[in-house]
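K.L.:
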DNA sequence: CAGGATCCACTACGATACTG
DNA sequence: CAGTATCGTAGTGGATCCTG
């Protein structure tokens, strides 16, 4: 007889809800874009590019924005002008995630130094 | 003059604390291992293997455990026996992260259906 | 301006075989 | 039992060039 407490049935690598969120925001740019849009509500493509710090490639910004849009975290609005204008606006769904990220940030600020100290000790 | 609200100075791709956490747990197995240890406090290598569901390779379990140990999320204890026994115990640092993950899980359970609906609509 | 299309490098991960 | 070593693959992200 095993005394190992497993997680709830639905918590496994296939359909763990937390893992799905982490998978979604574990990429390089999605979290940053969401946070920036959370502070600005609406931004254009190049404004986002600058806000991030310009060290993101155009391709990755495009890909990141498309997937965030597909998931409903932001809304993309195209204005039929010349030159073209495209605005990205955070949705309520996107906004609802921001407080959780803030909590993670508080935790990270408190504990990151301990983690890095542990890493050096481990070497 | 720009009206773009940037994030705080330290919040960029290089040293954003949240991104560091996400980088750390954005891999495939770390989160799951931490959650399982959170429920069991202490487990042996093969017990962890079973608790995860055995669909993790030995190599990846080893790698995952080593990095979690290096960061101070768990403690590794080797007993000089034959056959060898190695126990992995969650640390206070590890435990402190669990409630935040629980919050993420609650959010995910509420919102994941909306996300998936949005994805299908987007196709 | 806001992208699309290509090509390429790197890494994460898995499968398999072997060991103190 | 609890790993290590090696190899092969798929996916992620960057650089560059092109366009309505």
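Chains as they are written, first to last, in our numbering: chain A, 276 to 398; chain B, 276 to 398. By construction, the Cβ of each residue, glycine as well, lies at the ideal position given by its N, Cα and C atoms.
(1) Quick check: the segment 368-377 of chain A against the segment 308-316 of chain A, are there 3 or more CB pairs under 8 Å?
(2) Can you give me the Cβ contacts of residue 320(B) inside the same chain, cut-off strictly under 6 Å, excluding the 5 residues immediately before and after it?
(3) Answer yes or no: do residue 350(B) and residue 279(A) have a C-beta to C-beta separation smaller than 8 Å?
(4) Using a Cβ-Cβ distance cut-off of 8 Å, determine whether residue 294(B) contacts chain A.
(5) If the criterion is Cβ atoms closer than 8 Å, does the pair residue 336(B) and residue 318(B) meet it?
(6) Work out the CA separation of residue 330(A) and residue 294(B) for me, nearest whole Å.
(7) Which residue comes first and which comes last in the beta strand (DSSP E) that contains residue 317(A)?
(8) Counting only C-beta atoms, is residue 365(B) closer than 8 Å to chain A at any point?
(9) Does residue 318(A) come within less than 8 Å of chain B when only Cβ atoms are used?
(10) Have a look at residue 301(A) and residue 282(B) and give me their C-alpha separation to the nearest angstrom.
(11) Using only CA atoms, which one of 357(B), 376(B), 354(B), 341(B) lies nearest to residue 291(A)?
P.N.:
Answer, in terms of the structure:
(1) yes
(2) What you label residue 320(B) is simply residue 45 of the second chain in a count that begins at 1. Excluding residues within five positions, the ones whose Cβ falls inside 6 Å are 361.
(3) Translated into positions along the second chain, residue 350(B) becomes position 75. Translated into positions along the first chain, residue 279(A) becomes position 4. Contact: no.
(4) Working through the second chain from its first residue, we reach residue 294(B) at position 19. By this cut-off, residue 294(B) is an interface position.
(5) Along the second chain, read from residue 1 onward, the residue named residue 336(B) stands at position 61. Along the second chain, read from residue 1 onward, the residue named residue 318(B) stands at position 43. No. Outside cutoff.
(6) Residue numbering aside, residue 294(B) sits at position 19 when the second chain is read from its first letter. Residue numbering aside, residue 330(A) sits at position 55 when the first chain is read from its first letter. When the Cα atoms are used, residue 294(B) and residue 330(A) turn out to be separated by approximately 15 Å.
(7) Position 42 of the first chain, counted from the first residue, corresponds to residue 317(A). Element bounds for residue 317(A): 317-319.
(8) Mapped onto the second chain, residue 365(B) falls at position 90. Not an interface residue.
(9) Position 43 of the first chain, counting from 1, holds the residue named residue 318(A). Closer than 8 Å: yes.
(10) As a position in the first chain, residue 301(A) is number 26, starting the count at 1. As a position in the second chain, residue 282(B) is number 7, starting the count at 1. About 19 Å.
(11) For this step, residue 291(A) is matched to residue 16 along the first chain. Checking every option, the nearest Cα to that of residue 291(A) belongs to 376(B).
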